[in-house]
Structure formats: C-alpha cells, structure tokens
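Quick note, the sequences are listed as chains A and B, same order. Numbers 8 to 353, taken from my numbering, label the letters of the first sequence in order. Numbers 8 to 353, taken from my numbering, label the letters of the second sequence in order.
There are 2 protein chains.
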Amino acid sequence: MGTVSNVLTGAAVVSPERRERVLTVIRDSGYHPNFVARSLKLRQTRILGMVLADITNPFFAQMVRGAEDAALKRNYVLLTFNTDDHVEREKHAFSVLRSQRVDGILLVVAPGPKKPSHILDMLKTGGPLVCLDRVPPGLKVDSVTVGNFAATRECVRHLIALGHRRIGIVAGNLNLQTGRERLNGYLAALRDAGIKVAPELIRKGDFHMESGYQLGLELLLSKRRPTALFVSNNLMTIGVMRALAESGLRCPQDLALAIFDDMPATQVLQPPLTAVAQPAYTIGQRGADLLMDRIESKLADRAPVTIRLAGELKIRESTTGSRPGKGDSNLEPRVLGGGGKIPLSI
Amino acid sequence: MGTVSNVLTGAAVVSPERRERVLTVIRDSGYHPNFVARSLKLRQTRILGMVLADITNPFFAQMVRGAEDAALKRNYVLLTFNTDDHVEREKHAFSVLRSQRVDGILLVVAPGPKKPSHILDMLKTGGPLVCLDRVPPGLKVDSVTVGNFAATRECVRHLIALGHRRIGIVAGNLNLQTGRERLNGYLAALRDAGIKVAPELIRKGDFHMESGYQLGLELLLSKRRPTALFVSNNLMTIGVMRALAESGLRCPQDLALAIFDDMPATQVLQPPLTAVAQPAYTIGQRGADLLMDRIESKLADRAPVTIRLAGELKIRESTTGSRPGKGDSNLEPRVLGGGGKIPLSI
DNA sequence: GTGAAAGCGCTAACAG
DNA sequence: CTGTTAGCGCTTTCAC
C-alpha cells in the first residue's frame, strides 16, 4: 500500500489520523519492513561490504569497529569477509558481495597480481570502492592509509638518537605496501644518520607470529647481534617476544626493542614496549564515511581522495631503559607519550 | 528468462549448447546474479546475522572467525553487529537484522531485562536463533557455551593444590551467565577444599580493563593481600597486569596469577600466565552450523540443542614458579600443556 | 490528500 | 527441453 510507504519514509504528506492508524497497526502486528523488497526497487541495499585480511588481528578488528560505528550512524550495515590475504578468497568475496548488491566495498587488499581483474571491474563499472591500510599498486582509488614510512623512520631515529648503530629489523611481507614502506622508513633513518646498512640485520618476515619467532631467534643468536631491534607489526612482535624469552637475553639491557602496531597488551609487558600506534579505528571510520559519501555521490566525480593518517610513536621502557655501550648518556629521548608511571621492574 | 535461471541453479536440465551459450554471455558481460531479487522470491537471503558484544575483544573476534568460516562453507555470509553489551543496541540490531530478512541470528546476549521482547518475538515467530557464550536466563534456546563453572573450579583447585589458601578473585559482570558461573566455580573449589570464603578477597568487576586495574590495585595493596589471584577474563587481566607492575609486586614470587581466557600474548608475558583457554573459534563454528541446520530445518522440530564445550587449563609459570609460604614442595602440579620450554627468567 | 497499478530481477509453474 | 508468465513486497507515478 502506497500510504504505508509514505508513512514510513515520510516521502509524502499523510493526514495525522491515517498516519496514526497505520503506525499502531504496524506496532502490534510485529511488522518489520522488508528491506529486501525495498532494496530491489531502490537498487540500494544500505549494506557495505568489508573485505579484510583477518579480523582476529586486533588491528583489523579495530578498523572494523570504526567502520561499523560510522556505518550505523548513517543507517548502513557491514558485511565482512576474511581473506587471510589470499587473492582467490578476495575474488570470491567480491563476487558474493556484488551479487548481494552491496552499495560499496571497503577493501584491505591482499597481495596479488598487478592487474587484479575483480578490482578493475569494480572500478570500471563505477562500483564505490575505498581501500584501507594498503592500496593496490598502480591504481587510482579512494584510500585511507597510515604514514608507515614517516612513522617507522621516526621510530628508528629514536633508536639512533639513543646511540644505537647496529639496529636490526624484522620486516613484514614486502609484497604489501605496508611491509615495503616500513622497511624503507628503516633504511631512510639509517641513511640519514650515515649508518651503513648491514644486510644480515634485515630479515624478511610475513607479518605472522611464527616468522617473528624464527627471524627473531636468528637475529638474537647471531654472532654480532644487533643492540636494537625494530619489529614491523604486532603479530611478529609476539613471536619475537617468545624468541627473546628463550634466548635468555634481557630487554632493554641486552637489546632495545621497538615495534610497529601498539596493542593493549604491549603496555603491560615487562618492560612496556616502545611502539608506533596506528589509528586503526579512525582508518575504518574515515574509510566508511568516504565510501558512503561516494555512494551518495556527495563527492560527485571528484578524483580519488587519498587520506593519510599519522602513526604515533609511544616511547616506553623497552628502548629507554638502558643505553648501548658507548651511547651518549646525556642524549635524552623525546618522550611523546605513555608509560610514564610504570616503574622499571626487571 | 527461465532458462538462465535453470543454468545457474541447475534446477532443470538444459541442453549443452544452450547452456554453453548462456554461460559465455554471462562471463563476458560481467554479470552478477541479483541475490536481492532472488532473496525476495525465495524468502531466503543466505545472510546470517551475528550480534555480539565487541569484536575488538580477541575472544569474540575468534568466534566471529569460526562462524564466518562455517557460514562460507555452506554459502552463507555474515552480517555483524556490535552491542557493547547494551540491550538497546541489541534491540536495534535485531530490528535491522529482521528487516534485512537474515535467515537466522547468532547472538551473544547482552545483560538486560528478564523478558527481552526482541528475543521472545524472534523465538515466537520461529526465527532461527542460536545463543553463543551466554544464554538469556530462563529461555529455552539453541546454544553453544563453555563450561565456565568446571573450568574455573579446576583452575582454582590447581591454585589450592599448590598450597594457596588466600585466593582472591576479580569477578566479571555478575549480570552475565559467564560472570556468575566463573564466580561459582571459584566458590565451589574453595568449599570443596574446606577453605573459608573471605568476602574481602572477592571483587566484582565488569569484564573491562579499567575494572581489572582498579580492583587489582585494591587487592594488591590491601593489608592481608591474597597469595594467589584468579582473574575472570582477558581484558581485566590486562588491567591487573598494569596494577601488578605499579604495585612493585612480583609474580609468581609475591602473587600467583591464573586467568580465564588465554590470549596469544599471555604466553609471552613474563612470566607466562596460567590460563583457561576457551575454544572460541569452535563456539562460532558449531554455533553457525547449528543455526544453519535449523534454517534448513534439518533438525525438524527437535527441542533446543545445548552444546557445552570444555575450557582447557594451561598451566604456566605464573602459578608454578613458586610456592606460598608453607606449601607442600613435593606436591607437583599436573601440567596440562603449554609453556614447557620457556625458562623462568625473572 | 488517497488508492490503484507498474515494475525492480528473480524463480517456479506451466503450456507448448 | 524451451519460452512465457505470475508474483515476492516495496516505491513511485498517476488518476482521482
């Protein structure tokens, strides 16, 4: 009935008494408007697809939360898909999502071929798409990412400022933009300080726990081990911590540790870890808002919007707790935040 | 066109050449079948709603992952909703989900009124619903939960076996089944051992970080502080760890610590924490499968199915690293798993 | 203001 | 085996 629709959507004016009658009937008949029918008619589902690596990673979980909160505010809901960074699963997700006629997709792209057909298709047909955290190489897309390069460089500079010269890195998956940018930030910091890059201090991991453990162990047990170590993400950090415990080395006395990706737990580790905190929630939030703006074509045909958010360096005792052999002891590090009250207890 | 439908669904037989022709046209026209239309016709969306407290909590993230993997296998997708344990948001989620005509709902119920209308409605109208982790009090519903009582009792018994008599507990939200069951498990273990319950050692938290911190601090700084502490979930544990660091007390020398909810990080803490591990992934998986069975009415009208999964006690150094004053030193704890190789390094 | 009617893309039933 | 058609529940246009 047209009148009912008008009452619900407020599209046209309905007389008060009629309106009231409709409303009461709806209430006590337990009626729920059928969005499926509405979607079919309107060609608009108010569903946002979200395709990401793994919701089990706290970083992505935060992102999802940010996106969901933003979506809910504007009466959208979120349909999520985990790919574990497999392109095949990403393709499948896209296929399902497009069939479900989601209004747009938030994508944390998996590493894969240069020209991923499912993404190109989406773009070509004008399907709203916003990339989060990473951007597929060579594509012009709306995106919300973090300044990995700058944040890592700042973090490694902090280590250098403390007097470290032999600084190791457990790098992430270099097929991923984030992995590359963080490695480059590390290299830039060394270069700026005139420190020669030691290839044996650069270990290439895959952003997962096990590689952190293996590579961490290798580095820690090597003959000329580093005095400081940068780990490229949260999961690998857990692995490195395990390696550290097994090695019997102490942090920060034997090894300073700085990591990318702050987590609730890193503050309660002994010692608390110096970390680059990412605005994960904000990435999701801004990404979803950007996507919904596109969907509602508030952005008209504006060229791709790229938002870069800054990481924040949280300096804690894992780096400041001691100095390497001949370090300048009068060189006080800038303290940018966090961890002030917790005493060094190891 | 009917033929196209038949090709896609395989409902009727189509001649090979016609079939081929349809298939190629579909391929190179970038056609995606419209699930919205199909859903309207079939009154079936192949979407599962999932309403939970907070995906940012690793425990729930694992659950979601389990549910999604199970759903995908049977060609369903997951629409998630975070409630932060607010009934109002849960109600809203239900309303949206029912309007979206999801085929069923997986619910981690929020604490609330005895007779939650949205849930009763759902049940009354025969909407498939499976409760995960917790069951709304007094309702007969399909559910997948964990044996909180037994697991906690076993865990506290372990503390008692080590010689502890003054055992504190940071309890969770007692409006939640999980919070109550864990507290009861604690009480049962004490009672079985003939230990008098000391009210000042029982602190009631809310499952969040801050309450863990506050209550932990209170317990640790109290005059006659416990020699062992049981913390009722992962988030509060982080708070307790912070309190522990601030208090200057050492674990396990000054205080043995055992917690509910194992996390990747708890194994790399120094010392590694004794913890009850929950089969979070399995809860999601079994729950989703149960729900889909209901939807496809494979269960016909079988009475509510209640699945209880067991928690697993992982004994680590936070409890075994030392004994309380007059403990039996010949009383070796059963080691049920984990942590064997990591040396005590504090 | 209000009620009737067309049509969104699909499936299922049916006639050819 | 194939093509046509009704109808899922909604929104929107149009005549009243």
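A virtual CB, placed ideally from N, CA and C, is assigned to each residue, including glycine.
By DSSP, does residue i sit in helix, in strand, or in coil?
i	result
B:K211	strand
A:S329	coil
B:T152	strand
A:E161	helix
A:M11	Contrary to the premise, residue 11 of chain A reads as Val rather than Met in this sequence. Helix at A:V11.
A:N240	coil
A:V58	strand
A:A18	coil
A:I174	strand
A:R25	helix
A:V137	strand
B:K230	coil
B:L297	helix
B:N41	coil
B:T273	helix
B:S304	coil
A:G142	Residue identity differs from the one stated: residue 142 of chain A is Val in this sequence, not Gly. Here A:V142 sits in coil by DSSP.
B:N64	coil
A:A200	coil
A:A74	helix
A:N191	helix
A:T289	helix
B:Y83	coil
A:S46	helix
B:R309	coil
A:Q184	helix
A:Q51	coil
A:A250	helix
A:R34	helix
B:L351	Confidence at B:L351 is low in this model, with a pLDDT of 28, below 50, so its placement is unreliable and no value can be given for it.
B:A205	coil
B:L256	coil
A:G179	coil
How close, in whole Å, do the beta carbons of residue i and residue j come, if the pair is a contact with beta carbons under 8 angstroms?
i	j	result
A:P259	A:G328	4 angstroms
A:H165	A:I322	7 angstroms
B:D110	B:R189	That pair is no contact at about 33 angstroms.
B:I167	B:I209	Not confirmed; about 16 angstroms, so no contact.
A:G212	A:A178	6 angstroms
A:V264	A:L236	Looking at the sequence provided, one finds Leu at residue 264 of chain A rather than Val. Indeed, because the Cβ distance is near 5 angstroms, the residues count as touching under 8 angstroms.
A:I290	A:V151	5 angstroms
B:V136	B:L130	Here residue 136 of chain B is Leu; the residue named in the question, Val, does not match the sequence. About 6 angstroms separates the two Cβ atoms, so the contact holds.
B:G56	B:L104	4 angstroms
A:V275	B:R249	5 angstroms
A:A157	A:Q292	Not quite, the Cβ-Cβ distance comes to about 21 angstroms (not below 8 angstroms), so this is no contact.
Just grab the DSSP bridge partners of residue i for me.
i	result
B:I314	B:V151
B:T281	B:A265
B:A235	B:I174, B:A263
A:E319	A:A284
What are the residues of the stretch 150 to 173 of chain B that lie near chain A, defined by any Cβ-Cβ distance shorter than 8 angstroms?
Contact annotation: in the stretch 150 to 173 of chain B, no residue has its CB less than 8 angstroms from a CB in chain A.
Just by C-beta distance, which residues in the stretch 189 to 222 of chain A are closer than 8 angstroms to chain B?
Within the stretch 189 to 222 of chain A, the qualifying residues are M216.
Could you list the residues in the stretch 121 to 139 of chain B with a C-beta less than 8 angstroms from some C-beta on chain A, going in chain order?
Taking 8 angstroms as the Cβ-Cβ cut-off against chain A, the residues of the stretch 121 to 139 of chain B that qualify are D128, T132.
Scan the stretch 85 to 134 of chain A and note each continuous beta strand (DSSP E) run of 3 residues or more that stays entirely inside, going in chain order.
Within the stretch 85 to 134 of chain A, the complete beta strand (DSSP E) runs of at least 3 residues are 111 to 114.
Select from the stretch 61 to 76 of chain A all residues with a C-beta closer than 9 angstroms to any C-beta belonging to chain B, and list them in chain order.
Here the close residues are D61, I62, T63, N64, P65, F67, A68, Q69, V71, R72, E75, D76.
Residues in the stretch 33 to 53 of chain A with C-beta within 7 angstroms of chain B's C-beta atoms, listed in sequence order?
So the close ones are G37, H39, P40, N41, F42, V43, A44, S46, L47, T52.
Taking a cut of 7 angstroms between CB atoms, which residues from the stretch 225 to 247 of chain A lie near chain B?
Here the close residues are I245.
Of the residues that make up the stretch 91 to 103 of chain A, which ones have a beta carbon closer than 8 angstroms to any beta carbon in chain B?
Hits within the stretch, in order: S102, V103.
Selection of the stretch 281 to 313 of chain A by Cβ proximity to chain B, strictly under 8 angstroms
The residues in question: there are none.
Give the residues from the stretch 106 to 122 of chain B that approach chain A closer than 8 angstroms (Cβ to any Cβ), ordered along the chain.
So the close ones are S106, Q107, R108.
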